[in-house]
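A.B. asks: Sharing a structure here in structure tokens format.
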Amino acid sequence: MSELRTLLSGLVVGESPRWHDGRLWFANWGAEEIVAITEDGAAEVVGKGPKPAGYSIDWLPDGRMLITGHDRLLRVEPDGSVVTHADLSALPDGWNELVVHDNGAIYVNSIAFSFGEEEFRPGVIAVVKPDGTVRQVAENVAFPNGMVITPDGSTLVVAESWAGTLTAFDIEPGGGLSNRRVWAPYGGDGLTIDAEGAIWASDMAGDKPLVRRIREGGEVLEEIGLDEACFACMLGGDDGRTLFLMVAEWRGIERMGELFQATTGRILSTRVSVPRAGRP
């Protein structure tokens, strides 16, 4: 693995990184921006975030971008207009991460409480089918965070940040989730998966911020120690072997308001040996 380098600084909190169409796209929480950047550091604000924080992005198979809003899933049309893709208001609020299956099914999760303002409540995962129907497919998820779908499309893995586990589900033909199990006994925030089925998971829970590459069952294959909290990670680049890390200074839940008023956010990158696969 090569040394870490800073690709971009001056962000508030970079989240939901996605490699798409030759650039790294991400949400700049606090600034309410969606930004895209090339590997050589040319950045462009490409859209507005729907809320100060807690929104994520991904793409439908036809290339239209999706964004999680307050109580709905939003879609960006080719002319740049933003419309409602699915109404999520019948399910618990707090929509956070999403990931789109190759078949067009969309998995979106909600933490189901106002982080930093309310007592913890377990969250949910919903599926939005290509026909627009919405249904809950998992419950009692302890602060659902990053999600990935394995390269063969058969399994969804979600970071249960407050349970300290990566949790797997089988993806059923109709879009449901079954056979819930612990994929690895490690917590996480953002996740990205590679061609060997290993997951890179950012972890803010311990004494030292780090990112781990983990095999199913819990074997840690690689580990990167960091000086700042890593909120999310993504494999990308032209060959899929660049690991992007979204870092910022974390001051704890009790000082979370300061997080979204500072500009300590950065994107770090490093080279790895196994390329990206699966979704997102």
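Heads up: the sequence shown is residues -7 to 272, going by the numbering used here. Every residue, glycine too, gets a C-beta built ideally from N, C-alpha and C.
THR76 bridges to which residues according to DSSP?
C.D. replies: Locating residue 76 in the sequence shown gives position 84, where the first residue counts as 1. Bridge partners of THR76: LEU66.
A.B. asks: Can you have a look at PHE137 and say buried or exposed, based on whether 16 or more other CB atoms are within 10 angstroms of its CB?
C.D. replies: As a first step, residue 137 must be located in the sequence shown, where it is residue number 145. The sequence shown places Asn at residue 137, not Phe. So ASN137 counts as buried.
A.B. asks: For the beta strand (DSSP E) that contains THR142, what are its first and last residues?
C.D. replies: Taking the sequence shown and counting its residues from 1, one reaches residue 142 at position 150. It is not in any beta strand (DSSP E) - THR142 carries neither H nor E in the DSSP assignment.
A.B. asks: Could you tell me whether the segment 259 to 266 touches the segment 126 to 135, using the rule of 3 or more Cβ pairs below 8 angstroms?
C.D. replies: no
A.B. asks: Just to confirm my understanding: we take GLY257, look at its own chain, exclude 5 residues before and 5 after, and list those with CB closer than 6 angstroms. What are they?
C.D. replies: Residue 257 sits at position 265 when you count from the first residue of the sequence shown. Answer for GLY257: LEU3, VAL4, VAL5, GLY6, ALA240, listed in chain order.
A.B. asks: Could you give the first and the last residue of the continuous beta strand (DSSP E) run that contains TRP11?
C.D. replies: Along the sequence shown, one-based indexing puts residue 11 at 19. Where TRP11 is concerned, the enclosing beta strand (DSSP E) stretches over 5 to 12.
A.B. asks: Taking a contact to mean a Cβ-Cβ separation below 8 angstroms, would you say LEU66 touches THR76 in this structure?
C.D. replies: Residue numbering aside, residue 66 sits at position 74 when the sequence shown is read from its first letter. Residue numbering aside, residue 76 sits at position 84 when the sequence shown is read from its first letter. The beta carbons of LEU66 and THR76 sit closer together than 8 angstroms.
A.B. asks: Taking the straight line between their C-alpha atoms, what separation do you get for ILE191 and GLY41?
C.D. replies: As a position in the sequence shown, residue 191 is number 199, starting the count at 1. As a position in the sequence shown, residue 41 is number 49, starting the count at 1. If you take the alpha carbons of ILE191 and GLY41, they lie about 27 angstroms apart.
A.B. asks: So which of GLU111, ASP144, LEU237 has the shortest CA-CA distance to GLU188?
C.D. replies: Position 196 of the sequence shown, counted from the first residue, corresponds to residue 188. The residue with the shortest Cα to Cα distance from GLU188 is ASP144.
A.B. asks: Just grab the DSSP bridge partners of GLU31 for me.
C.D. replies: As a first step, residue 31 must be located in the sequence shown, where it is residue number 39. GLU31 is not bridged to any residue.
A.B. asks: Buried or exposed: which applies to THR125, given that a residue is buried once 16 or more other Cβ atoms fall within 10 Å of its Cβ?
C.D. replies: For this step, residue 125 is matched to residue 133 along the sequence shown. By the 10 Å Cβ count, THR125 comes out exposed.
A.B. asks: Taking only the alpha-carbon atoms, compute the straight-line gap between ALA45 and PHE18 and give it to the nearest angstrom.
C.D. replies: In the sequence shown, the residue the question calls residue 45 occupies position 53. In the sequence shown, the residue the question calls residue 18 occupies position 26. Rounded to the nearest angstrom, the two C-alpha atoms are 12 angstroms apart.
A.B. asks: Do PRO122 and ASP94 have their beta-carbon atoms positioned less than 8 angstroms apart in this structure?
C.D. replies: Mapped onto the sequence shown, residue 94 falls at position 102. Mapped onto the sequence shown, residue 122 falls at position 130. Contact: no.
A.B. asks: Output needed for LEU183: all residues of its chain with C-beta closer than 6 angstroms, excluding positions within five of it in sequence on either side, in chain order.
C.D. replies: Here residue 183 refers to the residue found at position 191 when the sequence shown is read from its first residue. The answer, listed in chain order, is GLY138, VAL140, ALA151, ILE191, ALA193.
A.B. asks: Between the alpha carbons of VAL68 and VAL38, how many angstroms are there, rounded?
C.D. replies: To locate residue 68, count along the sequence shown from 1; it is residue 76. To locate residue 38, count along the sequence shown from 1; it is residue 46. Roughly 11 angstroms separates the two Cα atoms.
A.B. asks: My parser needs the beta strand (DSSP E) runs of 3 or more residues fully inside the segment 164 to 202; what are they?
C.D. replies: 169 to 176, 183 to 185, 191 to 195
A.B. asks: Quick one: give me the first and last residue of the beta strand (DSSP E) that ILE103 is part of.
C.D. replies: By 1-based counting over the sequence shown, the position of residue 103 is 111. Run containing ILE103: none; DSSP gives neither H nor E here.
A.B. asks: In terms of alpha-carbon separation, which member of THR142, PRO165, VAL120 lies closest to PRO272?
C.D. replies: The residue given as residue 272 occupies position 280 in the sequence shown. If we check each option's Cα against that of PRO272, THR142 comes out closest.
A.B. asks: Given that a residue counts as buried once 16 or more other Cβ atoms are within 10 Å of its Cβ, and exposed if not, what is PRO165?
C.D. replies: Along the sequence shown, one-based indexing puts residue 165 at 173. It counts as exposed.
A.B. asks: What first and last residue would you give for the beta strand (DSSP E) that runs through TRP87?
C.D. replies: The sequence position of residue 87 within the sequence shown is 95, counting from 1. Segment 87 to 92, the beta strand (DSSP E) holding TRP87.
A.B. asks: Tell me the residue span of the beta strand (DSSP E) that contains GLY257.
C.D. replies: The residue you call residue 257 lines up with position 265 of the sequence shown. Unbroken beta strand (DSSP E) run through GLY257: 257 to 263.
A.B. asks: How is the beta strand (DSSP E) around LEU16 delimited, first residue to last?
C.D. replies: Locating residue 16 in the sequence shown gives position 24, where the first residue counts as 1. Judged by DSSP secondary structure, LEU16 falls within the beta strand (DSSP E) whose first and last residues are 15 to 21.
A.B. asks: Taking DSSP as the reference, what is the three-state secondary structure of GLU111?
C.D. replies: Within the sequence shown, numbered from 1, the residue matching residue 111 stands at position 119. In this structure, GLU111 counts as coil in the three-state DSSP scheme.
A.B. asks: To the nearest angstrom, report how far apart ARG9 and SER102 are at their CA atoms.
C.D. replies: Sequence index remark: in the sequence shown, residue 9 carries index 17 (1-based). Sequence index remark: in the sequence shown, residue 102 carries index 110 (1-based). Residue identity differs from the one stated: residue 9 is Pro in this sequence, not Arg. The alpha-carbon atoms of PRO9 and SER102 are separated by roughly 18 angstroms.
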